[in-house]
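Participant: Protein chains in written order, with our numbering: chain A, 265 to 509; chain B, 265 to 509. Before anything else, here's the structure in question.
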DNA sequence: AAGTGGTCTAGACCACGGC
DNA sequence: CCGTGGTCTAGACCACTTG
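Printed below as a string of structure tokens:
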């Protein structure tokens, strides 16, 4: 660990930032896994040769960023993609009437290995011979087929996922458990579109119906793009919620 | 200021939190106005009888929350609704081709004083005889009429705004300058809808076109709801961008 | 009672901006 | 050069959880 009294430094990086990155790397490489407890502030301070206050600042920053989770009197833990975290951070569709937010059931329609088009290759930064997994499923909310999802995953990171007969509702938890991939950040792009033939049959709606299309690119802890997802929602009784701060 | 060694306290509130709230109140009541500089950390510490570190924690929290703005070597300032902050925090429509994000021109169509319906009365928590200002305007992006906006403001907070012939593009800056109302947080609810007759004529589109509808409720620093806004966007060449962290 | 994170303090020094 | 915020340290005590 570089001392704080380093050179006048055009490349100055605060100590707590270095600690932060070091801990992040340890999590990425799997030294500390989701759900596991980290050493205490004093132990980490001794381990890294910095003061407890500096470790604290790093841990708090990582907590702010949802990488860690702290409980007073207990310890500091690596965040897990639990269902409630998922609902809170990565699932923004809500019922118009503020009903009990049921966990949305997802029915798998098809899973296959495909040859990506130019756009997908760019998104995932793939070589020309790499394959992509396509998952086609439909979510029901309040017992109504409401959202059609097309999910694309680079085969490279997800091994034989496309051979599974069943997949859980919460894919992000599944990615984390089975492939050591933690979805950390995502970008959603929303548009209004008209339902195509497939939308009409899957969502059981008439021609000319407007749908809310959400295109998501999701990135892992290390910044790699690991998922591309197209959701098309019948927003008659739904909306997509955004909180601006 | 309550001392840190207070009673075992079921109503325990950290010192820095108290400092934070005190500073927020000062800003709300107008002692420190947008753009103005605050006393330095040490001056505030002396003023409030706490340590500099505690003041720092409060100021950093408020900076995180976009209430304040700090510049090393210069000082701490109350945030202003500048155009760039607006674009960054409260305007999420982007061109599909990542062109230079032009500042969207807004053309005023009509401004009038109306009697609110039940829903608007609830949103603003109005008494039965209070009026609401309605602003109808259209935003052009890349020289194309793209977004139709209906903006509702409680007359109580915005005096004679509805008598203005012209309004600036950035309403939030205008609210702040003329009515001491700082839009701090907002909730957007998005749906896909079909264009109605008015949409068709204002946005110059055909019947049956899908539109991205964004319904926003905006709240001031003190938590009051101060604006209700319906935006209907032709999302053919546009999208609404959301970053999830 | 012991151990954890949370708060508060005091002091030193660094980086930055303006005079 | 001075004053500002930014970093780092060391130590005390509080609040919470577990055994």
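Note that the Cβ used here is the ideal one computed from N, Cα and C, for glycine as well.
Quick one: Cα of residue 266 of chain A to Cα of residue 502 of chain B, how far?
Facilitator: Position 2 of the first chain, counted from the start, is the residue given in the question as residue 266 of chain A. Position 238 of the second chain, counted from the start, is the residue given in the question as residue 502 of chain B. Because the pLDDT at residue 266 of chain A is just 40, under 50, the model does not fix this residue reliably, and the point stays unresolved.
Participant: Tell me which residues share the same chain as residue 356 of chain A and place their Cβ nearer than 8 Å to its Cβ, disregarding the 5 neighbours each side in the sequence.
Facilitator: Counting from 1 along the first chain, the entry for residue 356 of chain A is found at position 92. 452, 504, 505, 506.
Participant: In angstroms, rounded to a whole number, what distance separates the CA positions of residue 330 of chain B and residue 353 of chain B?
Facilitator: Stepping through the second chain from its first residue, residue 330 of chain B is reached at position 66. Stepping through the second chain from its first residue, residue 353 of chain B is reached at position 89. If I take the Cα positions, the gap works out to 10 Å.
Participant: Taking the straight line between their C-alpha atoms, what separation do you get for residue 393 of chain B and residue 500 of chain B?
Facilitator: Here residue 393 of chain B refers to the residue found at position 129 when the second chain is read from its first residue. Here residue 500 of chain B refers to the residue found at position 236 when the second chain is read from its first residue. Each residue's alpha carbon lies about 41 Å from the other.
Participant: Taking 8 Å as the CB-CB limit, is residue 361 of chain B close to chain A?
Facilitator: Numbered from 1 along the second chain, position 97 holds the residue referred to as residue 361 of chain B. Chain A, which has no Cβ nearer than 8 Å to the Cβ of residue 361 of chain B, makes this no.
Participant: Strictly under 8 Å for the Cβ-Cβ distance: is residue 504 of chain B near chain A by that measure?
Facilitator: Counted from its first residue, the second chain places residue 504 of chain B at position 240. By this cut-off, residue 504 of chain B is an interface position.
Participant: Could you give the distance in angstroms between the alpha-carbon of residue 289 of chain A and the alpha-carbon of residue 389 of chain B?
Facilitator: Taking the first residue of the first chain as position 1, residue 289 of chain A is located at position 25. Taking the first residue of the second chain as position 1, residue 389 of chain B is located at position 125. Whole-angstrom Cα-Cα distance: 50 Å.
Participant: Figure out for me which residue from A:316, A:397, A:412, A:406 has the closest Cα to the Cα of residue 466 of chain A.
Facilitator: Here residue 466 of chain A corresponds to residue number 202 of the first chain, with the count starting at 1. Closest by alpha carbon: A:412.
Participant: Residue 325 of chain B to residue 439 of chain B, Cα distance in whole Å?
Facilitator: Residue mapping note: residue 325 of chain B aligns to position 61 of the second chain, counting from 1. Residue mapping note: residue 439 of chain B aligns to position 175 of the second chain, counting from 1. Computed Cα separation, rounded: 24 Å.
Participant: Out of A:327, A:459, A:400, A:377, state which residue places its alpha-carbon closest to the alpha-carbon of residue 469 of chain A.
Facilitator: Looking up residue 469 of chain A in the first chain gives position 205. Looking at the Cα atoms, A:459 is the closest of the given residues.
Participant: Taking 8 Å as the threshold (beta carbon to beta carbon), is residue 403 of chain A in contact with chain B?
Facilitator: Along the first chain, one-based indexing puts residue 403 of chain A at 139. Not one chain B Cβ lies under 8 Å of residue 403 of chain A.
Participant: Mind listing, in chain order, the continuous beta strand (DSSP E) runs of no fewer than 3 residues lying wholly within the region 372-438 of chain B?
Facilitator: Qualifying beta strand (DSSP E) stretches, in chain order: 396-405, 408-418.
Participant: Where does residue 403 of chain B land, buried or exposed, given buried means 16+ other C-beta within 10 angstroms?
Facilitator: What you label residue 403 of chain B is simply residue 139 of the second chain in a count that begins at 1. With 16 or more Cβ atoms within 10 Å of its Cβ, residue 403 of chain B is classed as buried.
Participant: Check whether the region 273-287 of chain B touches the region 481-488 of chain A, taking contact to mean three or more Cβ pairs, one atom from each stretch, closer than 8 Å.
Facilitator: Because the criterion of three Cβ pairs below 8 Å is not met, the region 273-287 of chain B and the region 481-488 of chain A do not touch.
Participant: What's the C-alpha gap between residue 359 of chain B and residue 455 of chain A?
Facilitator: Taking the second chain and counting its residues from 1, the one referred to as residue 359 of chain B is at position 95. Taking the first chain and counting its residues from 1, the one referred to as residue 455 of chain A is at position 191. Cα to Cα, the separation comes out at about 11 Å.
Participant: Which residue's Cα is closest to the Cα of residue 320 of chain B: B:328, B:305, B:374?
Facilitator: Walking along the second chain from the start, residue 320 of chain B turns up at place 56. Residue 320 of chain B has its Cα closest to that of B:305, out of B:328, B:305, B:374.
Participant: How big is the Cα-Cα spacing for residue 554 of chain B and residue 497 of chain A?
Facilitator: What the structure shows of chain B is the stretch from 265 to 509, and residue 554 of chain B is not part of that stretch, so it cannot be assessed.
Participant: Which residues does DSSP pair with residue 447 of chain A in a beta bridge?
Facilitator: To locate residue 447 of chain A, count along the first chain from 1; it is residue 183. DSSP lists A:484 as partners of residue 447 of chain A.
Participant: So residue 397 of chain B and residue 426 of chain B are supposed to be a Cβ contact under 8 Å. How far apart are they, rounded?
Facilitator: Locating residue 397 of chain B in the second chain gives position 133, where the first residue counts as 1. Locating residue 426 of chain B in the second chain gives position 162, where the first residue counts as 1. Rounded, the Cβ-Cβ distance is 4 Å, consistent with contact.
Participant: Could you check where the beta strand (DSSP E) with residue 341 of chain A kicks off and where it finishes?
Facilitator: By one-based count along the first chain, residue 341 of chain A stands at place 77. Here the beta strand (DSSP E) through residue 341 of chain A covers 339-342.
Participant: Let's see if you can read the secondary structure: which residues bound the alpha helix (DSSP H) around residue 301 of chain A?
Facilitator: Within the first chain, residue 301 of chain A is the residue found at index 37, counting from 1. No alpha helix (DSSP H) contains residue 301 of chain A, which DSSP labels as neither H nor E.
Participant: Could you spell out the range, first to last residue, of the beta strand (DSSP E) harbouring residue 499 of chain A?
Facilitator: By one-based count along the first chain, residue 499 of chain A stands at place 235. Per DSSP, residue 499 of chain A belongs to no beta strand (DSSP E) and is neither H nor E.
Participant: I'd like to know whether the C-beta of residue 449 of chain B is nearer than 8 Å to at least one C-beta of chain A.
Facilitator: Taking the first residue of the second chain as position 1, residue 449 of chain B is located at position 185. Residue 449 of chain B counts as touching chain A.
Participant: With a threshold of 16 other CB atoms inside 10 Å of the CB of residue 335 of chain A, please say whether the residue is buried or exposed.
Facilitator: By one-based count along the first chain, residue 335 of chain A stands at place 71. Looking at its Cβ environment, which holds fewer than 16 other Cβ atoms inside 10 Å, residue 335 of chain A is exposed.
Participant: How is the alpha helix (DSSP H) around residue 326 of chain A delimited, first residue to last?
Facilitator: Working through the first chain from its first residue, we reach residue 326 of chain A at position 62. Per DSSP, residue 326 of chain A belongs to the alpha helix (DSSP H) from 316-328.
Participant: Do you know offhand how far residue 342 of chain B's Cα is from residue 367 of chain A's?
Facilitator: One-based indexing of the second chain puts residue 342 of chain B at position 78. One-based indexing of the first chain puts residue 367 of chain A at position 103. Taking the straight line joining both Cα atoms gives about 42 Å.
Participant: Taking residue 453 of chain A as the query, report the chain B residues whose CB atoms sit under 9 Å from its CB, ordered along the chain.
Facilitator: Numbered from 1 along the first chain, position 189 holds the residue referred to as residue 453 of chain A. Those within 9 Å of residue 453 of chain A in chain B are 358, 360, 503, 504, 505, 506.
Participant: Taking 8 Å as the threshold (beta carbon to beta carbon), is residue 458 of chain A in contact with chain B?
Facilitator: On the first chain, residue 458 of chain A is found 194 positions in, with the first residue counted as 1. True, the Cβ-Cβ gap to chain B drops below 8 Å.
Participant: Within the 8 Å Cβ cut-off, does residue 509 of chain B reach chain A?
Facilitator: Reading the second chain from its first residue, position 245 is the one you call residue 509 of chain B. Answer yes: the Cβ-Cβ gap between residue 509 of chain B and chain A drops below 8 Å somewhere.
Participant: According to the Cβ coordinates, are residue 223 of chain A and residue 490 of chain A closer than 8 Å?
Facilitator: Chain A is shown only over 265 to 509; residue 223 of chain A falls outside these bounds and no answer can be derived.
Participant: Between the Cα of residue 345 of chain B and those of B:287, B:421, B:449, spot the shortest distance and give me the residue it belongs to.
Facilitator: What you label residue 345 of chain B is simply residue 81 of the second chain in a count that begins at 1. The option with the nearest alpha carbon to residue 345 of chain B is B:449.
Participant: Is the CB-CB distance between residue 372 of chain B and residue 430 of chain B below 8 Å?
Facilitator: For this step, residue 372 of chain B is matched to residue 108 along the second chain. For this step, residue 430 of chain B is matched to residue 166 along the second chain. The answer is yes: Cβ separation under 8 Å.
Participant: In whole angstroms, what separates the C-alpha of residue 270 of chain A from that of residue 316 of chain A?
Facilitator: Your numbering for residue 270 of chain A matches position 6 in the first chain. Your numbering for residue 316 of chain A matches position 52 in the first chain. Below a pLDDT of 50, predicted positions are generally treated as unreliable, and residue 270 of chain A, at 36, falls in that range; no measurement from the model is reported.
Participant: Any C-beta of chain A sitting closer than 8 Å to the C-beta of residue 268 of chain B?
Facilitator: On the second chain, residue 268 of chain B is found 4 positions in, with the first residue counted as 1. Any reading at residue 268 of chain B is ruled out, since the residue's pLDDT is 37, under 50, leaving its predicted position unreliable.
Participant: Using Cβ-Cβ distances below 9 Å, what residues of the region 301-335 of chain A are close to chain B?
Facilitator: So the close ones are 328, 329, 330.
Participant: So with Cβ pairs under 8 Å, would you call residue 273 of chain B a contact of chain A?
Facilitator: Within the second chain, residue 273 of chain B is the residue found at index 9, counting from 1. Caution is warranted here: a pLDDT of 45 is assigned to residue 273 of chain B, below 50, making its placement in the model unreliable, and the coordinate value is therefore given only provisionally. For residue 273 of chain B, the answer is no, since every Cβ of chain A falls outside 8 Å of its Cβ.
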